[in-house]
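For reference, each letter of the sequence shown is one residue, going 1 to 501 in this note's numbering.
First comes the structure, then the notes that go with it.
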Amino acid sequence: MQIRWASSGALAATVTPEDWAALGFVSARPTVKALKQCLAAGPKRVLQGITRFQVKLMSETGSLLQDEVILDPLVNGQLYHLVVTEHWPRDPAQDQSFVLACRENRLKEVEELLQRPLSPNATDEGGSGAMYAASLEGHLQCVLLLLEAGADKDLPGTATHKAPLHAAARNGHFEVVKVLVEDGAEKDISTNFGATPLHFAAQTGHTRIVRFLLESRADKDRAEGNGGLTPLHIAAENGETDVARVLLEFGACRDPATTEAGLAPVHLAAQAGNLEMLRLLLESGADKDCSTREHGFVPLHFAAKNGFSDLARVLLAHGANKNATTRDLGLTPLHVAAQTGQSELATLLLQSGVDKDPATLDQGFTPLHVAAATGQSEMARLLLRNGAAKDPKTFEHLLTPLYVAAQCGQNETLPVLLEYAADVHGGTKEGLTPLEVAACNGFTKIVSHLLLAGAERCWEASQLASLQGHHELASLLLRAAAASHTTSRCSETAVKRRRVE
Numbered sequence: 001m002q003i004r005w006a007s008s009g010a011l012a013a014t015v016t017p018e019d020w021a022a023l024g025f026v027s028a029r030p031t032v033k034a035l036k037q038c039l040a041a042g043p044k045r046v047l048q049g050i051t052r053f054q055v056k057l058m059s060e061t062g063s064l065l066q067d068e069v070i071l072d073p074l075v076n077g078q079l080y081h082l083v084v085t086e087h088w089p090r091d092p093a094q095d096q097s098f099v100l101a102c103r104e105n106r107l108k109e110v111e112e113l114l115q116r117p118l119s120p121n122a123t124d125e126g127g128s129g130a131m132y133a134a135s136l137e138g139h140l141q142c143v144l145l146l147l148e149a150g151a152d153k154d155l156p157g158t159a160t161h162k163a164p165l166h167a168a169a170r171n172g173h174f175e176v177v178k179v180l181v182e183d184g185a186e187k188d189i190s191t192n193f194g195a196t197p198l199h200f201a202a203q204t205g206h207t208r209i210v211r212f213l214l215e216s217r218a219d220k221d222r223a224e225g226n227g228g229l230t231p232l233h234i235a236a237e238n239g240e241t242d243v244a245r246v247l248l249e250f251g252a253c254r255d256p257a258t259t260e261a262g263l264a265p266v267h268l269a270a271q272a273g274n275l276e277m278l279r280l281l282l283e284s285g286a287d288k289d290c291s292t293r294e295h296g297f298v299p300l301h302f303a304a305k306n307g308f309s310d311l312a313r314v315l316l317a318h319g320a321n322k323n324a325t326t327r328d329l330g331l332t333p334l335h336v337a338a339q340t341g342q343s344e345l346a347t348l349l350l351q352s353g354v355d356k357d358p359a360t361l362d363q364g365f366t367p368l369h370v371a372a373a374t375g376q377s378e379m380a381r382l383l384l385r386n387g388a389a390k391d392p393k394t395f396e397h398l399l400t401p402l403y404v405a406a407q408c409g410q411n412e413t414l415p416v417l418l419e420y421a422a423d424v425h426g427g428t429k430e431g432l433t434p435l436e437v438a439a440c441n442g443f444t445k446i447v448s449h450l451l452l453a454g455a456e457r458c459w460e461a462s463q464l465a466s467l468q469g470h471h472e473l474a475s476l477l478l479r480a481a482a483a484s485h486t487t488s489r490c491s492e493t494a495v496k497r498r499r500v501e
């Protein structure tokens with residue numbers, strides 16, 4: 001069987017019965033389609049840069065032969081001519097139909113459109129290509145058909161420049177991923193925000209695809225352009241433990257600080273409360289005290305903030321620094337637990353021997369100050385019951401927790417502090433007492449608590465209340481001042497009488 005170019009008459013190929021037998025056509029007879037496939041990608045490979053869809057086969061008499069026509073390879077002297085055709089001009093409506101046919105896996109229609117021949121790189125009105133549409137849905141046979149037609153394996157399919165490999169990896173279509181990579185698709189192709197197919201597979205927990213991409217030498221530590229997240233970051237953030245295990249098996253960096261804030265995977269696991277992920281990372285050698293870039297938070301801070309006691313217990317068991325301080329304010333995990341009212345976690349920290357009275361770097365606030373300011377009454381009781389100092393003072397203004405509670409109007413916390421005999425008279429560097437600051441701010445209930453506890457300077461407090469327009473409170477304080485004065489004079493008279501007697 002001789003194949004000649006119709007345009008020049010030159011011999012293109014000679015196909016013998018042995019060639020057909022090598023291709024598997026022993027008893028069955030080949031079709032025109034099989035012949036074109038043999039010429040395009042088989043042992044003959046005469047259609048360099050041309051797909052079978054772009055050539056037509058003509059008989060010796062000039063008849064155009066359709067693909068389904070059966071040939072007789074045993075007849076000697078057969079002569080056929082090849083005609084090369086150009087892709088049809090772009091037609092938006094036809095391109096739209098073609099992409100939709102690929103998305104819906106209508107293989108017969110796809111084959112017919114490619115035979116016209118329509119460009120396999122046609123896109124719909126949204127810019128999505130046929131290869132992207134087929135890969136997104138996991139239509140393997142359609143993908144193979146498009147590859148045979150010479151489709152661009154890396155043609156972006158969306159405005160964010162997601163390639164077919166991104167779509168297949170994200171949706172878990174392993175066979176499509178395998179075919180694309182083996183056909184030369186770019187393994188580390190990036191979207192316009194820097195995500196690779198490995199990022200997408202890690203995010204959606206497709207462990208088999210992750211392993212295949214790593215075996216194909218995809219970049220295991222590539223950071224996204226915007227967020228700076230590596231595949232291990234994404235696995236940790238989404239709780240994909242099996243994915244993280246595979247990444248670590250292939251040597252992924254355990255503590256990449258590639259995000260703008262310097263977050264490592266261990267931070268994200270602690271933040272999300274993922275105990276299994278945290279254990280995996282720590283057992284693989286992740287830094288238990290890894291600190292963020294801007295504020296210096298360690299994993300134990302994140303666990304404390306969200307009340308993840310089990311995670312905190314694991315971190316402490318691995319030797320995490322229980323008194324770790326943030327870089328900017330000097331907050332310890334106990335400060336953070338106090339602020340958010342995480343009593344169970346605070347109990348765990350206290351039982352581990354944590355410093356009960358650490359002062360912040362900027363103002364010298366202790367955890368008890370923080371509990372007082374934020375109204376965490378049970379936290380205040382827990383700290384005091386475990387031996388926290390009841391009257392620590394801040395650095396510059398010498399504020400006590402009781403003063404802070406009075407200043408902030410914390411009606412629940414202040415009685416707890418009074419119950420533990422906090423100094424009701426303790427004033428600031430400027431000499432302002434808890435009673436005076438409560439009066440100034442119009443906190444009647446706080447004032448009542450303080451008066452019952454024996455607070456003094458009622459007259460001065462009434463003046464401050466009056467200046468701020470809290471007239472009823474000012475009257476209350478004046479009555480208290482008068483009563484205090486009367487009581488004081490009665491006490492003095494009683495003392496004088498005893499002396500006389």
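Glycine included, C-beta positions come from ideal geometry on N, C-alpha and C.
Could you spell out the range, first to last residue, of the beta strand (DSSP E) harbouring LEU11? 11-14
Does DSSP classify ARG4 as helix, strand or coil? strand
Closest residue to LEU282 among THR292, SER291, ALA317 (Cα-Cα distance): ALA317
LYS518 lies in the beta strand (DSSP E); which residues open and close that run? The requested residue 518 does not occur in the structure, where the chain is confined to residues 1 to 501.
Do VAL143 and VAL176 have their CB atoms nearer than 8 Å? yes
GLU501 in three-state terms, based on DSSP: Any answer about GLU501 is weak, because its pLDDT of 48 lies below 50 and its placement is not dependable; what the coordinates show is given next. GLU501 falls in the coil class under three-state DSSP.
Any idea which residues DSSP pairs TYR80 with across the strands? ILE3
C-alpha gap between ILE446 and GLN203, whole angstroms: 52 Å
At which residues does the alpha helix (DSSP H) containing THR51 begin and terminate? Segment: none, THR51 is in no alpha helix (DSSP H) and carries neither H nor E.
Kindly indicate the opening and closing residues of the alpha helix (DSSP H) around ASP310. 309-317
Classification of ARG212 by the beta-carbon crowding that lies within 10 angstroms, buried from 16 upward: The sequence shown places Phe at residue 212, rather than the Arg named in the question. PHE212 should be labelled buried.
Report the three-state DSSP secondary structure of THR413 (helix, strand or coil). helix
State yes or no: is the C-beta of ASP183 within less than 8 Å of the C-beta of LYS153? yes
Quickly, what does DSSP pair ILE70 with across the bridge? List them, please. THR31
SER448 - containing alpha helix (DSSP H), residue span: 444-452
Where the alpha helix (DSSP H) through ALA459 begins and ends: Per the sequence presented here, residue 459 reads as Trp, with Ala not at that position. Start and end: 458-467.
Buried/exposed call for ARG489, threshold 16 Cβ in 10 Å: Note that ARG489 scores a pLDDT of 43, beneath 50, so its modelled location is shaky; the value from the coordinates is reported in the next line. Exposed, because fewer than 16 other Cβ atoms sit within 10 Å of the Cβ of ARG489.
Is it the case that the Cβ atoms of LEU334 and PRO299 are separated by a distance below 8 Å? no
Buried or exposed for ALA133, going by 16 or more other Cβ atoms inside 10 Å? buried
Three Cβ pairs or more, each shorter than 8 Å: is that satisfied between the region 98-110 and the region 29-39? no
Kindly indicate which three-state DSSP category LEU213 falls into: helix, strand or coil? helix
How many angstroms separate the CA atom of ALA235 from the CA atom of ARG4? 57 Å
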